[in-house]
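Notes to accompany the following structure.
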Amino acid sequence: MSTTLTETKNNGMQQIPASGEATVYCPRFDIWETEDEMILYGDMPGVLPENLDIQYEGDQLTIHGKVCPRHDDIKFSYGEYGIGDYHRSFTVTEVVDADKISAELKHGVLTLHLPKSEKVRPRRIEVKSD
Amino acid sequence: MLATRWEPIAQMNRLRQEMDRLFDRWGDSRPLPYARSTFPPMNLWENDEQLFVEAELPGFALEDLEITVTGGNQLNINGERKAPEPEGGIWHRRERGFGRFSRSVELPGYVDSDCVSAEFKNGVLTITLPKREEVKPRRIEVKVS
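Protein sequence lines correspond, in order, to chains C and B. When you line the first sequence up against the working numbering, it's residues 6 to 135, in that order. When you line the second sequence up against the working numbering, it's residues 2 to 146, in that order.
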């Protein structure tokens, strides 16, 4: 199987923007591809739509979700998970119609539609007979 | 189109991040050992009046969750996350989990089960559990004779 979306690597390290000491988490993603588009589903709980930054440049798709601190100066009695920003980037080798990219954030899940450019969509070739 | 490449260093890096998330860093406090394989992970804190439990449940709706308190000090959360079913294509990547879960935790004190409230915002569930009168800290008046 071939894939048109691969994870972006930088010497094996993810490019994580410097944000002080805060931990940046890698959100989990599902990727679905149809003839017309690619759909990315990402789990990013705690991110508000206005704090989600999605950039598509060249073949790079970068998703950064800023998580506002929910608790100030609270000492957890039990702590099982950390809270921090989310960051992930993908290399898109398919030609995407950048103007038609749409994103939706609902219940902490990002749904990102990357429509394929008209040029690369498979076309059915009509065979004419005399 | 590119063939899927095997990228061990990156895979390791991702694993490390997942591990960080599981075992976490809270400064000096450590996660409980039971927590490592249970879903959803929870954070718990308290003030004098209330206990708070928070869990990240992306993709759930409040109606998909059932929250109960039994015996005054056991919190149960059940729920189901349904997988999206897009049509006419293939999955390239499946990292997210789906299905039913059920988790029960013993709370560090008795709570008033009738007054438990829950809020669900952006995939983060916060449950507020008022402490029973008898477990609230009491200020002892010291009388000077």
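Where a beta carbon is used, it is the ideal one built from N, C-alpha and C, also for glycine.
Check: Relative to the C-alpha of Arg4 (chain C), which candidate in C:Thr39, C:Gly84, C:Leu45 and C:Glu99 has its C-alpha closest?; Outcome: The question about residue 4 (chain C) has no answer here: the residues shown for chain C are numbered 6 through 135.
Check: How should Asp90 (chain C) be labelled, buried or exposed, when 16 other C-beta atoms within 10 angstroms of its C-beta is the threshold for buried?; Outcome: buried
Check: Any Cβ of chain C within less than 8 Å of the Cβ of Glu96 (chain B)?; Outcome: yes
Check: Keeping to the same chain, check which residues put their C-beta closer than 6 Å to that of Thr96 (chain C); ignore five residues upstream and five downstream.; Outcome: Thr11, Thr13 and Asp64
Check: Can you tell me where the beta strand (DSSP E) with Tyr91 (chain C) in it begins and where it stops?; Outcome: Asp90 to Val97
Check: Below 8 Å between beta carbons is the criterion; list the residues of the region 72 to 84 of chain C that meet it against any residue of chain B, in chain order.; Outcome: Arg75, His76, Ile79, Lys80, Phe81, Ser82, Tyr83 and Gly84
Check: Against chain B, with Cβ distances strictly below 8 Å, would Glu62 (chain C) count as a contact?; Outcome: no
Check: Can you find a C-beta in chain C that's less than 8 Å from the C-beta of Val145 (chain B)?; Outcome: no
Check: Which chain C residues are close to Glu107 (chain B), counting only those with a beta carbon under 7 Å from its beta carbon?; Outcome: By Cβ distance, chain C contributes nothing, its closest Cβ being about 11 Å from Glu107 (chain B), past 7 Å.
Check: For Glu47 (chain B), would you say it is in contact with chain A, using Cβ-to-Cβ distances shorter than 8 Å as the test?; Outcome: Given the protein chain composition of this structure (C and B), no chain A is represented.
Check: Mind listing the chain C neighbours of Leu58 (chain B)? Cutoff is C-beta to C-beta under 9 Å, in chain order.; Outcome: Pro50, His112 and Gly113
Check: Quick one: using the 10 Å Cβ neighbour count with 16 as the cut-off for buried, is Leu110 (chain C) buried or exposed?; Outcome: buried
Check: For Glu86 (chain B), which option in C:Trp37, C:Asp135, C:Val100 and C:Thr28 has the closest C-alpha, if you only look at C-alpha atoms?; Outcome: C:Trp37
Check: Could you round the C-beta distance between Leu52 (chain B) and Leu63 (chain B) to whole angstroms and report it? I think they count as a contact, below 8 Å.; Outcome: Wrong, their Cβ atoms sit about 20 Å apart, outside the cutoff.
Check: Where does the unbroken beta strand (DSSP E) through Asn44 (chain B) begin, and where does it stop?; Outcome: Met43 to Glu47
Check: Looking at the unbroken beta strand (DSSP E) that takes in Ala56 (chain B), where does it start and where does it end?; Outcome: Gln51 to Glu57
Check: Quick check on the DSSP output: the beta strand (DSSP E) that includes Thr127 (chain B) runs from which residue to which?; Outcome: Val125 to Pro131
Check: Which of the three DSSP states is assigned to Ala103 (chain C) in this structure?; Outcome: helix
Check: Could you compute how far the alpha carbon of Gly110 (chain B) sits from the alpha carbon of Arg95 (chain B)?; Outcome: 39 Å
Check: So with Cβ pairs under 8 Å, would you call Ile78 (chain B) a contact of chain C?; Outcome: no
Check: Please tell me whether Asp35 (chain C) has its Cβ less than 8 Å away from any Cβ of chain B.; Outcome: yes
Check: Can the beta-carbon of Asn74 (chain B) be found closer than 8 Å to that of Glu107 (chain B)?; Outcome: yes
Check: In whole angstroms, what is the alpha-carbon distance linking Phe102 (chain B) and Ile78 (chain B)?; Outcome: 8 Å
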